Each structure stands twice: as C-alpha cells, then as structure tokens.
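Student:
Protein chains in written order, with the working numbering: chain A, 2 to 594; chain B, 30 to 70.
#1: Out of 416(A), 184(A), 392(A), 575(A), state which residue places its alpha-carbon closest to the alpha-carbon of residue 457(A).
#2: Of the choices 46(A), 186(A), 142(A), whose alpha-carbon is the least far from that of residue 598(A)?
#3: Comparing alpha-carbon positions, which option in 288(A), 491(A), 214(A), 435(A) lies nearest residue 338(A)?
#4: Taking only heavy atoms of the ligand NAP into account, decide whether any of them is closer than 7 Å to the Cβ of residue 78(A).
#5: Quick one, which residues of the stretch 294-326 of chain A are near chain B if we go by CB-CB under 7 Å, in chain order?
#6: What does residue 288(A) pair with, by DSSP beta-bridge criteria?
#7: Note down, in chain order, all residues in the stretch 36-48 of chain B with a beta-carbon under 7 Å from any beta-carbon belonging to chain A.
#8: Tell me which residue opens and which closes the beta strand (DSSP E) that residue 532(A) is part of.
#9: In the DSSP output, which residue or residues are listed as bridge partners for residue 537(A)?
#10: Any idea if residue 374(A) is buried or exposed, counting beta-carbon neighbours within 10 angstroms, 16 or more meaning buried?
#11: How far does the alpha helix (DSSP H) with residue 309(A) in it extend, from its first residue to its last?
#12: On the DSSP letters alone, give me the boundaries of the alpha helix (DSSP H) that residue 556(A) sits inside.
#13: The alpha helix (DSSP H) spanning residue 417(A) covers which residue range?
#14: Taking the C-alpha atoms as reference points, what is the distance between residue 144(A) and residue 188(A)?
#15: Grouping DSSP H, G and I as helix and E and B as strand, with all else coil, what is residue 43(A)?
#16: Within the same chain, show all residues whose beta-carbon is closer than 7 Å to that of residue 156(A), passing over the 5 residues directly before and after it, in chain order.
#17: Using a Cβ cut-off of 8 Å (strictly closer), state whether residue 457(A) contacts chain B.
#18: If you drop the 5 nearest sequence neighbours on each side, which residues of the same chain put their C-beta closer than 6 Å to that of residue 466(A)?
#19: Which same chain residues, not among the five before or five after residue 59(A), have their C-beta less than 7 Å away from its C-beta?
#20: Can you grab the Cα-Cα spacing for the pair residue 2(A) / residue 179(A), in whole Å?
#21: So with Cβ pairs under 8 Å, would you call residue 463(A) a contact of chain B?
#22: Hey, how far is the Cα of residue 262(A) from the Cα of residue 354(A)?
#23: Quick check: the Cα distance between residue 122(A) and residue 489(A), rounded to an integer number of angstroms?
#24: On a Cα-Cα basis, can you pick out the residue from 412(A), 289(A), 252(A) that is closest to residue 201(A)?
#25: For chain B, is any of its Cβ atoms less than 8 Å away from the one on residue 468(A)?
#26: Roughly how many angstroms lie between the CA atoms of residue 64(A) and residue 57(A), to the nearest whole one?
#27: Quick one, which residues of the stretch 418-429 of chain A are near chain B if we go by CB-CB under 7 Å, in chain order?
#28: Out of curiosity, what's the CA-to-CA distance linking residue 562(A) and residue 569(A)?
#29: Determine the burial state of residue 371(A): buried for a count of at least 16 other Cβ atoms within 10 Å of its Cβ, exposed for fewer.
Dropping the structure here:
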C-alpha cells in the first residue's frame, strides 16, 4: 500500500513539474525583444551601512557553494552504496549509506539559508546586474525555484522512508526516489552553472548587451559543460572528504572496538570516494582551462600568465597536500591485514614519486628577483629549475602522482586478497609491464612537448591523460578477473593508528581552501566586468582583489565553514545519543552516558 | 627463461605498441601528426 500511495504522489509531483515546464517552455525558446543594455553607473550600486558589497556577496556565495557541493554530492554516492548493499546483501552498506545521509541532512537547511542570503544580497546590492540576468534567463529562474522545492521533497522522503522501504521491491522503489533526488540535484547544479558561466562567456546576446538568442543559447554557453563536469567531479571528492572527517571524528571519540571498526571502515570508504572523485579532476580542470583559452586568449593569459598565475603554485601545494594525505591514509591502512606487510616496502618508492612530483609542480618558471640575483643566476630563470616551471614538466608530475596514488589504493585492495587463478603470475607480469610502459609514455610525451613547438606541447598533454586513464582502467580490469575467487584475508577494521585519522581531517580543510582559492581565480577572470565584455562593473570595487586580501578572505570563509561543519558533526552525534533511564537512587547526571 | 618473464617481455612489447597507436591517433585527431621532422636531429 505504501508503494501504491507513493506512486500516486510521485505521479502527481511529476505531472506538476511537467505542467510547470510546459508553461515555461515559451519563455525557454522565445527570444526577448532585442534591446541594448544600459550600462550601470556608480550611482546604481547602493551602499548599505558602509559594508563592502563585494565582500558580502563573495562570502555568502562561497559559503553557499561549499554547502551545496556537499549536500548535492552525498546523495550521489549514498545511492551507489545503497546499491552495493542490495547487490552484496550486506546490511552494513545500507547502514553506512543511511548514516551518510544523516550528516548531510543537518547541512541542508544551512545550504538553503546561505542561498537565500546570497539571493537577497545580490538583488539588494547589484540590482542592475540581477535585472539583466533575469531578462536573459527569464522562466529558467522559476524552474530553478521549482527544482529547489522538489529537491527538498525528494530529500525528505528519501531520508525518512529509509527504514520503511528497506527490503525487497520496496528497496528498489526507495532507490528510485534516490535517482530522482540526484536528477533534481544535478538539474540545480547545471542551472546554477549556466548563470555563472554566462557571466564569464556570455552567449545569446550581442556586443551591445541586446538579447538576441534564447534562454537555451545563454545556458549552453562555451564554458557551461566544462564547468558542469568539473564541479560534478569536485563535488563527489569534496563530499567524500567531509564525511571522511566525520568518520575520523567518530573513530577518535569511539568507546568500543565495534564502534572503532565501524568508523574505520566508514573513513576508508569516504577516502576512496574522495580519491575516485579526485583522480579525473585535474583532467576536467585542464579541459575547463583549455576552453577558457579557446573562448578568450586574454582571459586565459589573465589566469595563467598574469597576477593570478602565482595562485596556481598555491593550488599545486594544496593538491600535493591532498594527494599526500590520501596516500598516507592508504599506507597506514596496510597495517589492517597481515598481508599488508608484504607491500609496505614499496611505500617508500611511491613516496619518492609523490614528493618529487610535488616539488616539480610547485617550481615556478620565473620569480621576482633583484638585479644581483639575476646576475648570479645568469638570467631570470634558473638553468636547471627553469624548465621544470613549464607545463610539460607539470603534466608529467601530476600524471605520475595520480598513477602512483592509484597504485597505493591497489596495494591496499590486494593486501586482503590472494589470487587463486592459475594465470596470476602472468597477470601480475602484465600489470607491472603496463605500469612501466605507461609511466615511460607519460615522461616521453612530456619530453616530446619540450622539443616540439607550443601547439604540440599542449596537444601532447592529451596522450598523457589517456595513458593515466589507460593504466587505471586496464589494471582494474585485469585485477578484477584475477581476484575472482581470491582467498580473502581478514581485514582488522579499527586497527589504525590515531595519526592516520588526522590525514582524513587534512582532506576537507585542504579541499575547502582550494575551492575558495579557485573560486577567487575563476571570478577574477572577468576583471572589471559583471558579464564579460557585455556589462561593465561600475561599482567602487571593480578591480581584482590583491592576493593578500583574497588570502585573508578565503581563509576566513574556510574557517567559518569548518566551524559550521564541526557544529553539524556535533548535531549528528547528538541525534544518535540516547539518555539512559536513571535507576532508582541515582541522579540524572549520574546515569548519563 | 621462465614463463613469467616471457609474458612480461610480451606484455612490454604489447603495451608499447598500444600506447604508440593511441598517442599517434590522439595527436592525429588534434591535427598534430607525429612530428618526427620537427625534432632535433
């Protein structure tokens, strides 16, 4: 009966959504009357209580993005874990998926709060810009609002029906709600991305700002899909990192061995989710940057050749930190099995590659020097270190770091499995050969980039990416067949040093700081334009913030978000705490756990 | 030479061929055929 009642509800909800879409379709396909844009003047920007309008909008937008990335990502991997529970018939997967959802539920209202605050701030402080954006995107804004409502409905039903729809066909129905929740979540993400990227690479408008195209033209602007992919992957990595920190927090505060084992397993799963989301992320970032160059070479040069170029060195430091932390956690995990000791000697070689790659990545091409230093060095770039500052060297470094991170994961995976197939030795030989030839190919393609013209240098980065992906995919396939029916060794969940958990804390902090930093870069690419080359920013703050000012702002927002996350973790733990009934003769305080 | 090493040597050659073919195809796809003539002699 429950399924039947729910079916009726969902049919009505879908009919309502379809009606809304049909009602708005004319708005989506019809072009507005072409009318030249009136550029704003200084007087069009209200000043409220002497506050910096940009700082207000910046902090709210960043906070909303952090929270939205988290709450949109969690249901994506929760659904995968739920499916794993159904396929393996192990309830622990289902319990973990439910617990992940519990954490994100507490964050959901804060996401809406930050989003509402951002909307009010934008309309209040940048009325002309918002007026123009409303004229461009018309009914799409209402679709966004409708999707937001539907997201809330799906989310609450998905979460609160967890135990009611837990077994048999009801479970499949529950997962179908999860699919719908994720579809709506992705819809929200893609629409918000359309507005963001329209401001960077406007489409559907002529140079005077007159709207000449449809809403779809404005949506499907040159940077829309690269940003969609980039944010989709980044959200998964970010969501995994945050729930990993929750698991670490619960692991460290666990009182029983069973609790420690559960949260250790949860932390491990979270780390894998973060790594899986993170491995293809540099490639998506590369595509986004290539499309930025392709759309406007000037914009690309502002990013990587001007004031913002140095920030990519800081980005390298943060990504290096993330990779080192994720690998360190995996290496500690080898101690969970007896067979793990067999792989421990290889850790030092992986560490050498990771640290070496990290050092290459953070090496700048040119640095600010005194005349004396230039004379001593014999030029503006160092004889040996200078070549490490250009893209072929960075591409070699990042691809090798990703390949060896995957190797760390593979070692842990194998530490609890001994292959029993007759061709195991041949399979291992093929995998070792793949790693050797693949790494050589990555290095060779980088060297090829050095000795050929620039266009080949850029082009040679694509085979490097293909090589990294080939190594990961083929190794996973060979391993998958080879480990069928493997003899399993017991994994002692909970047998992890406390220090390993701090690696799980490093991940979300570095991710959050990195997201804020890259958001500053992406937004700054518009320089003194609200909508690049179409609508000028005439406010008193129409300039790129200095790196120092941005650094302070980014740190402040990151700290605020971390404080909020600690509060959310505390709320989740509070929700799971049950006070014992006081026994006769004891006080309530004495009976408390 | 054991069976394991034979497989290893064969796999090395097979992966070399695979990566060469893939690299060349990707570069061709970008309109950048392998530039032997551009390399230092």
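Cβ atoms here follow ideal geometry from the backbone N, Cα and C, with glycine treated the same way.
Remember, predicted model here, so these are calculated numbers, not experimental data.
Tutor: Per the coordinate set shown:
#1: Nearest C-alpha to residue 457(A) among 416(A), 184(A), 392(A), 575(A): 392(A).
#2: The question about residue 598(A) has no answer, for chain A in this structure spans 2 to 594.
#3: Nearest C-alpha to residue 338(A) among 288(A), 491(A), 214(A), 435(A): 491(A).
#4: Ligands in the displayed structure: none, and consequently the ligand NAP is not present.
#5: Sequence-ordered contacts of the stretch 294-326 of chain A with chain B are nonexistent [C-beta pairs closer than 7 Å].
#6: Within the DSSP bridge table, the entry for residue 288(A) names no partner.
#7: The residues in question are 36, 37, 40, 41, 44, 45, 48.
#8: Per DSSP, residue 532(A) belongs to the beta strand (DSSP E) from 530-532.
#9: Residue 537(A) is bridged to 530(A).
#10: Classification of residue 374(A): exposed, given that the 10 Å Cβ count is below 16.
#11: Per DSSP, residue 309(A) belongs to no alpha helix (DSSP H) and is neither H nor E.
#12: The continuous alpha helix (DSSP H) containing residue 556(A) extends over residues 548-576.
#13: Per DSSP, residue 417(A) belongs to no alpha helix (DSSP H) and is neither H nor E.
#14: Those two C-alpha atoms are separated by around 10 Å.
#15: DSSP places residue 43(A) in helix when its eight states are reduced to three.
#16: Correct list, in chain order: 109, 182.
#17: Residue 457(A) counts as touching chain B.
#18: Counting only Cβ-Cβ distances below 6 Å, and skipping sequence neighbours, we find 284.
#19: By the criterion of a C-beta distance shorter than 7 Å, residue 59(A) is surrounded in its chain by 554, once the five residues flanking it on both sides are discounted.
#20: A caution first: residue 2(A) carries a pLDDT of 45, below 50, which makes its placement in the model unreliable, though a value can still be read off. Those two C-alpha atoms are separated by around 20 Å.
#21: Residue-level contact by beta carbon holds for residue 463(A) and chain B, with a gap shorter than 8 Å.
#22: For residue 262(A) and residue 354(A), the gap between their C-alpha atoms comes out near 31 Å.
#23: Cα-Cα distance, rounded: 57 Å.
#24: Distance check between residue 201(A) and each of 412(A), 289(A), 252(A) places 289(A) closest, using alpha-carbon atoms only.
#25: Residue contact check for residue 468(A) against chain B: a CB pair falls below 8 Å.
#26: Rounded to whole angstroms, the separation of the alpha carbons of residue 57(A) and residue 64(A) is 11 Å.
#27: Correct list: 426, 427.
#28: Residue 562(A) and residue 569(A) have their alpha carbons spaced roughly 10 Å apart.
#29: With fewer than 16 other CB atoms across the displayed protein chains lying within 10 angstroms of its CB, residue 371(A) is exposed.
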